[in-house]
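Asker: Chains as they are written, first to last, in the UniProt record's numbering: chain A, 1 to 689; chain B, 1 to 689.
The beta-carbon is built from N, C-alpha and C at its ideal position, and this holds for glycine as well.
Protein chains: 2
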Amino acid sequence: MSRSLRLCLLGCLLLLLPVAAQAQPAVHPTLALMPLPAQLSLEQGNYRLSREFGIALEGEASERLLRAGERFLRRLDAQTGLFLQQKWPVTDAQTAAPMRIRSARKGELRLHEDESYSLQIRPDGILLDAPTELGVLRGLQTLLQLVQADEEGYYFPALRIQDSPRFPWRGLMIDVARHFQPMDVLKRNLDGMEAVKLNVLHLHLSDDQGFRMESKLFPQLHERASEGEYFTQEQMREIIAYAGERGIRVVPEFDVPGHATSWLVAFPELGSGPAPAELERNSGVFDPTLDPTNEKTYEVLNAFFAEMAALFPDAYFHIGGDENEGRHWAANPQIQAFMKKNGLADKHALQTYFNTRIMAGLEQQGKKVMGWDEILVEGLPKSAVIHSWRGREGLETAARQGYTTLLSNGYYIDLLHPARDHYLVDPLPEGHGLSPEEAARVLGGETTMWSELVTHLTIDSRIWPRAAAIAERFWSPREVRDVADMYRRLEPISLQLERLGLQHLRNQGVILRNLAGSRDIGPLQTLVGVVEPLKGYTRNTNGTLYKTYSPFTLFADAATADAPDARRFREVVDRYLATKDPAARAEILNWLEKWKANHAAMKPLIARSPVLKEIEGLSESLSTLAALALESMQEGPARKAYVRAFNHKHLQKQLEQARRQGGRTELQVVDALEKLIRVHISEGTKEWR
Amino acid sequence: MSRSLRLCLLGCLLLLLPVAAQAQPAVHPTLALMPLPAQLSLEQGNYRLSREFGIALEGEASERLLRAGERFLRRLDAQTGLFLQQKWPVTDAQTAAPMRIRSARKGELRLHEDESYSLQIRPDGILLDAPTELGVLRGLQTLLQLVQADEEGYYFPALRIQDSPRFPWRGLMIDVARHFQPMDVLKRNLDGMEAVKLNVLHLHLSDDQGFRMESKLFPQLHERASEGEYFTQEQMREIIAYAGERGIRVVPEFDVPGHATSWLVAFPELGSGPAPAELERNSGVFDPTLDPTNEKTYEVLNAFFAEMAALFPDAYFHIGGDENEGRHWAANPQIQAFMKKNGLADKHALQTYFNTRIMAGLEQQGKKVMGWDEILVEGLPKSAVIHSWRGREGLETAARQGYTTLLSNGYYIDLLHPARDHYLVDPLPEGHGLSPEEAARVLGGETTMWSELVTHLTIDSRIWPRAAAIAERFWSPREVRDVADMYRRLEPISLQLERLGLQHLRNQGVILRNLAGSRDIGPLQTLVGVVEPLKGYTRNTNGTLYKTYSPFTLFADAATADAPDARRFREVVDRYLATKDPAARAEILNWLEKWKANHAAMKPLIARSPVLKEIEGLSESLSTLAALALESMQEGPARKAYVRAFNHKHLQKQLEQARRQGGRTELQVVDALEKLIRVHISEGTKEWR
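#1: Let me make sure I understand the geometry here. Which of Pro492/A, Arg659/A, Leu524/A, Leu137/A has the alpha-carbon closest to that of Ala597/A?
#2: Would Leu14/A pass as an interface residue toward chain B - the criterion being a Cβ-Cβ separation below 7 angstroms?
#3: Beta-carbon of residue 693/B versus every beta-carbon of chain A: anything under 7 angstroms?
#4: Suppose the cutoff is 6 angstroms on Cβ atoms and the five residues either side in sequence are ignored; what does the same chain contact list for Asp460/B look like?
#5: Run through the DSSP bridge pairs and tell me what His202/B is partnered with.
#6: With distances taken from CA atoms, which of Gly258/A, Asn590/A, Trp450/A is nearest Tyr411/A?
#7: Can you find a CB in chain B that lies within less than 7 angstroms of the CB of Tyr316/A?
#8: How is Val442/A classed by DSSP in three states: helix, strand or coil?
#9: Does any residue of chain A bring its CB to less than 7 angstroms from the CB of Gly509/B?
#10: Please decide whether Leu592/B counts as near chain A, where near means a Cβ-Cβ distance under 7 angstroms.
#11: Given a cut-off of 7 angstroms on the beta-carbon distance, is the pair Ala104/A and Pro131/A in contact?
#12: Can you pull the DSSP bridge partners for Ser41/A?
#13: How big is the Cα-Cα spacing for Arg75/B and Arg67/B?
#14: Which residue wins for smallest C-alpha separation from Arg489/B, given the options Pro219/B, Lys603/B, Leu146/B, Asp426/B?
#15: Determine, for Lys87/A, whether the minimum Cβ-Cβ distance to residues of chain B falls below 7 angstroms.
#16: Using the DSSP secondary-structure output, state which residues sit across from Ala56/B in a beta bridge.
#17: Within the chosen definition, does the region 150-163 of chain A reach the region 182-193 of chain A through at least 3 CB pairs nearer than 8 angstroms?
#18: Just how far apart, CA to CA, sit Phe218/A and Gly153/A?
#19: Give me the chain B residues within the contact set of Tyr154/A, using Cβ-Cβ distance strictly less than 7 angstroms, ordered along the chain.
#20: Which whole-angstrom value describes the C-beta separation of Met370/B and His432/B, a residue pair presumed to lie in contact below a C-beta threshold of 8 angstroms?
#21: Quick one: which unbroken beta strand (DSSP E) runs of 3-plus residues sit fully inside the region 399-473 of chain A? Chain order, please.
#22: Rounded to a whole number of angstroms, what is the C-alpha to C-alpha distance between Asp150/B and Leu605/A?
#23: Considering Asp490/B, what are the terminal residues of the alpha helix (DSSP H) in which it resides?
#24: Any Cβ of chain B within less than 7 angstroms of the Cβ of Trp464/A?
#25: Could you pull the DSSP bridge partners for Pro35/B from this structure?
#26: Measuring alpha carbon to alpha carbon, tell me which residue in Gly320/B, Pro533/B, Leu618/B, Phe304/B is nearest Ala600/B.
#27: Name the DSSP beta bridge partners of Gly210/B, please?
#28: So, do the region 629-643 of chain A and the region 507-520 of chain A have three or more beta carbon pairs nearer to each other than 8 angstroms?
#29: May I ask you to list, following chain order, the residues of the region 549-560 of chain A that have a beta carbon less than 7 angstroms from some beta carbon of chain B?
#30: Could you pull out every residue in the same chain whose Cβ sits closer than 7 angstroms to the Cβ of Thr685/A, ignoring the five residues on either side in sequence?
#31: With a threshold of 8 angstroms, are at least 3 pairs of Cβ atoms found where one atom belongs to the region 261-268 of chain B and the other to the region 215-230 of chain B?
#32: Just to confirm my understanding: we take Ile358/A, look at its own chain, exclude 5 residues before and 5 after, and list those with CB closer than 8 angstroms. What are they?
#33: Expressed to the nearest angstrom, what Euclidean distance is found between the alpha-carbon atoms of Ala277/B and Ile335/B?
#34: Within 10 angstroms of the Cβ of Lys197/A, are there 16 or more other Cβ atoms? Answer buried if so, exposed if not.
#35: Show which residues of chain A have a CB atom less than 7 angstroms away from the CB atom of Gln79/B.
#36: Helix, strand or coil: which one does DSSP assign to Gln365/B?
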């Protein structure tokens with residue numbers, strides 16, 4: 001990997017040393033890059049930032065690169081307050097500027113395009129060099145994450161980075177069907193994607209709960225089946241252009257033949273069974289399905305897909321295909337007769353018949369078709385891409401059978417599991433057992449933001465910062481999997497994402513102020529710091545507790561995965577129990593005192609805000625358990641009396657109480673508190689036996 | 001005003017008592033309405049909210065009313081978490097629903113349309129009755145502000161309101177030229193306007209720093225003079241529709257013939273002097289001016305204005321006309337010759353010549369033309385509307401001369417004066433001296449959000465909540481002017497505005513986290529609570545300290561007018577000094593201890609974040625003065641020694657230091673701290689003399 005580079009700075013030609021060949025994707029304790037680059041070696045010294053900092057683009061500069069450079073300058077300025085004098089990068093290669101950018105060609109917005117770059121920071125200047133502009137975009141994001149500060153000012157540490165992605169397809173899927181997500185949500189999330197080097201925005205544009213894309217051919221689709229919440233074609237072109245500026249592809253999905261209530265609200269005559277009267281308001285799997293035996297289905301779909309194929313420039317087109325249980329097919333005698341006549345043994349065969357016809361139409365439009373796991377049944381053309389959501393097996397089977405494939409199983413961030421769970425899922429883990437040729441068919445993965453339970457107010461906090469950890473899985477070498485270091489870096493990256501406009505941090509306060517009817521939300525913040533929303537599919541009992549129009553402005557919506565205080569507390573308890581470190585003990589006492597006092601502070605809030613009643617038990621449990629844990633931490637003679645008098649049944653009852661959900665959230669410190677108490681009881685018992 | 005109404009609830013006809021004739025615009029200590037209604041009388045009991053709450057629309061329901069009803073339901077649900085069962089208002093008058101809405105006609109989006117409504121809340125139901133749908137929209141906002149809670153749940157208090165606006169033109173001007181404000185900023189501000197019954201969004205669409213509207217006739221305008229930041233015509237139609245749904249008119253302004261750098265970047269040949277090479281980056285008044293002696297100027301303007309007249313449906317069209325100093329006119333011999341030839345005595349006469357020709361074109365398009373003060377010179381057609389920004393005199397002169405007129409002087413919220421200053425400015429104060437006929441020409445006012453120093457991140461905190469106080473001035477009876485009560489209500493209204501999506505509260509944390517590079521922003525919050533940005537035009541020295549592309553992510557951008565802690569502190573100091581109330585004393589001690597300790601907590605933040613160095617002195621001054629004030633509050637014998645040893649020079653020096661700006665902000669508690677210290681010294685001196 002070693003190579004020489006020449007850095008032209010201030011008119012001088014400087015010969016640089018080759019990049020150290022042994023550079024590792026090492027964990028650098030002072031830097032907070034995410035994803036970690038493939039190779040990084042720190043060098044001596046720093047490049048000091050001043051208001052004279054500026055960028056020169058070598059060769060012919062594209063509009064995209066000029067704007068990317070300007071965006072970089074403004075963000076750097078917003079973060080440092082330097083009042084940079086340069087508004088735009090200069091494009092004349094003769095002009096002196098401390099940073100030079102060089103790219104050989106524009107690069108195409110397509111799968112497998114070169115996104116590599118090399119970045120050299122020296123005390124006297126910076127060089128970003130990439131085969132394509134896409135690599136420049138990636139490198140600029142790395143550089144922005146490298147801003148450091150000391151008492152003298154801001155600087156970039158001297159270093160060399162040689163970087164390229166592990167997987168070519170690194171996606172975020174946003175479901176805009178269940179809850180529509182307006183333009184500004186998509187734009188700011190595209191900014192977030194760019195920051196962590198994700199390169200595919202997959203839009204789930206239709207489902208039972210809504211059809212979110214304007215059709216000029218069939219306006220009844222968006223007019224009857226969106227309640228006014230859809231993207232116009234002009235808006236979608238704006239999104240595609242915005243994404244393209246950031247080196248991000250946009251892949252549309254229109255889910256067929258199931259998840260099709262919205263299709264059938266617009267086109268009842270295309271249904272396999274009774275036509276739905278209105279859009280679905282609940283979550284789950286529903287019966288309305290397109291009729292694959294009706295020629296008009298193909299007329300409409302082929303024409304609509306041709307319209308969309310022209311709108312979306314990307315080579316890939318997602319047709320969904322998941323969770324069709326075939327109930328309406330089974331109940332429809334005409335469909336059953338058709339299957340018999342055509343030798344279609346079961347619903348899978350019928351769906352493959354359907355897929356094959358749809359795919360033929362899309363391939364005529366020059367598209368490669370992709371679908372969820374279920375489309376992979378015998379007879380599926382090899383050109384299809386299998387999007388694996390049900391498990392790794394699907395991915396491996398697809399790759400073995402010669403299909404290209406993507407992993408989403410394990411990356412369902414809507415289920416609100418902690419970042420670590422997703423982070424350790426690897427599309428190609430060590431010992432995966434695929435041949436090199438098969439492994440090459442694994443294109444990467446997508447994290448999926450299904451939106452049954454999110455609105456524009458909460459979606460950012462469901463995507464970020466966890467999607468950054470997943471982005472690292474898709475970009476960085478397989479060996480990068482130190483969970484503690486990932487969490488260390490996730491905190492500054494989260495702030496970086498906020499600077500770009502993401503609302504994952506700020507909107508928590510909005511929800512809590514709404515609940516409290518006041519700016520004084522201290523006790524609520526204390527509680528929300530140690531709870532997480534119910535995980536998996538448990539928050540929405542039977543898929544019917546929440547309708548699409550239910551309020552998503554409640555305590556559970558303020559809570560996030562990876563409750564930050566809970567994680568810190570669990571860590572400090574483990575450290576304390578392992579080492580008896582007095583600093584850890586002091587920190588624990590601090591937390592416990594705060595929690596013990598919190599319920600008393602919550603009570604007047606709850607009295608004023610009936611909407612908070614649902615968390616009264618949770619709040620009380622936290623205070624009660626914290627008080628019990630505080631007692632258990634007594635030292636000296638008091639401990640003896642305490643241990644003797646200890647009421648195990650009472651503890652058991654309190655623990656059970658504390659493990660119940662409240663407001664569709666759960667306390668995340670109960671295990672740690674229990675451990676703390678039981679260890680102390682056990683130690684005390686030994687001590688005074 | 002008394003009248004009888006019949007309320008049809010649950011199939012029963014109930015005869016209600018007439019509204020008490022003596023109802024006053026009284027201040028109700030438990031309610032937080034803004035603007036206060038013209039007449040309100042509280043009655044016995046409450047209407048209790050449950051998930052069965054719903055709305056029935058009488059007669060034929062328009063789409064707008066259906067959507068307004070749904071918006072109301074969803075907001076009510078978001079605030080209360082009731083999980084309301086009704087998604088849409090029902091429209092069949094036969095269906096029972098606890099709330100009924102009645103309006104006789106749709107109402108036009110035009111000046112002087114009826115916006116009155118009456119609202120009756122009884123324990124068994126609610127009736128909202130209005131001559132037009134606009135009145136219904138206004139009444140729904142009143143109702144949403146009436147949500148109350150107790151331990152039993154949420155409710156509306158029983159009452160009767162009869163309400164109508166004092167002025168028909170109640171505007172907010174947003175300058176999208178100096179810093180472009182994207183779609184989502186306009187939409188959420190329209191939601192805020194609706195909430196406080198403002199009814200005109202005036203968009204300042206062009207200025208020296210940018211031309212923000214797409215022209216299909218002259219694409220060079222937006223292509224060359226916006227740097228890509230402009231509204232497409234489709235977007236503007238979306239804004240106009242969004243505003244219309246909320247009963248808000250949209251009035252465009254294209255500022256001519258001065259403030260015209262952007263025009264001339266696109267059309268250098270229309271200039272009166274040397275053509276500007278690029279958009280202006282500084283703030284102020286600049287020379288580039290359209291040439292009123294060039295026929296092509298009129299060709300372009302008339303054609304462009306005709307294009308815009310078709311896009312903007314409102315009857316009014318604003319041509320700016322302000323701050324043309326005429327330097328390029330004076331320096332251009334051709335223009336001087338033209339003036340001589342046509343008997344135009346001075347630049348005012350020439351501008352009137354220009355205005356008259358422009359107005360003729362616009363009047364052909366069916367528009368009424370408006371402009372700033374300066375357009376009012378002899379010969380101006382009486383059809384023009386004078387928009388008074390320089391002072392009340394302009395307004396009165398215009399009204400006396402037979403022009404309709406609007407007040408903006410006193411409502412410049414970009415200058416960051418406290419709400420009270422604007423609140424007490426009245427377009428028609430008591431004793432105004434105009435005849436009834438002249439007074440009727442005063443249509444109302446507009447608060448103006450000039451955007452030299454704001455971006456999308458900060459604009460909401462510069463508009464809200466102060467614009468709500470100004471909205472009350474435009475809507476409520478003249479007698480409503482209790483400042484303390486206004487501030488009391490402003491706090492809950494501010495939270496209400498946040499619920500609608502406004503970012504005035506949440507974005508402060510974003511800026512502070514950016515500055516601190518951390519989530520731990522406690523010391524910064526303490527400091528920002530007692531500072532305000534420099535007021536008037538002093539923040540931006542000479543108009544050149546900040547360029548359009550400077551960072552607006554600094555401490556001054558986190559600070560707001562009406563620093564909330566400073567206001568509370570000043571109040572409690574006054575109360576304490578007047579009454580020696582021990583509770584006030586305790587509160588003061590609390591503040592002082594917090595401030596005294598704050599600088600020590602700030603130091604590590606400043607050490608990590610060089611961007612914070614500019615507020616080091618400010619932070620230190622707050623702590624030093626707080627410590628001095630704490631000492632002065634000693635009681636008993638300690639006070640004697642303290643008073644004897646008191647160093648007046650030291651205090652003077654510290655006060656001077658504390659009155660200096662830091663980071664373009666100023667401490668707002670220095671006077672109160674000085675008062676506190678001096679009173680104690682003086683009392684102590686008397687005591688021990």
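Answerer: In brief:
#1: Leu524/A
#2: For Leu14/A, the predicted model reports a pLDDT of 32, less than 50, meaning its position is unreliable; a value from the coordinates is still stated below. Chain B, which has no Cβ nearer than 7 angstroms to the Cβ of Leu14/A, makes this no.
#3: Shown here, chain B extends from 1 to 689; a query on residue 693/B therefore has no answer.
#4: Leu502, Gln503, His504
#5: Met173/B, Val251/B
#6: Trp450/A
#7: no
#8: strand
#9: yes
#10: no
#11: yes
#12: Arg160/A
#13: 12 angstroms
#14: Leu146/B
#15: yes
#16: Val90/B, Arg100/B
#17: no
#18: 59 angstroms
#19: Pro610
#20: Contact doesn't hold; Cβ gap of about 21 angstroms is too wide.
#21: 404-407, 442-449
#22: 11 angstroms
#23: Reading off the sequence, residue 490/B comes out as Leu, not Asp. 483-499 is the span of the alpha helix (DSSP H), which, as asked, contains Leu490/B.
#24: no
#25: Note: Pro35/B sits in no beta bridge, so no partner.
#26: Leu618/B
#27: Asp207/B
#28: no
#29: Tyr549, Ser550, Pro551, Thr553, Leu554
#30: Val643
#31: yes
#32: Val256, Tyr298, Leu301, Asn302, Phe305, Ile319, Val369
#33: 22 angstroms
#34: buried
#35: Asn514
#36: coil
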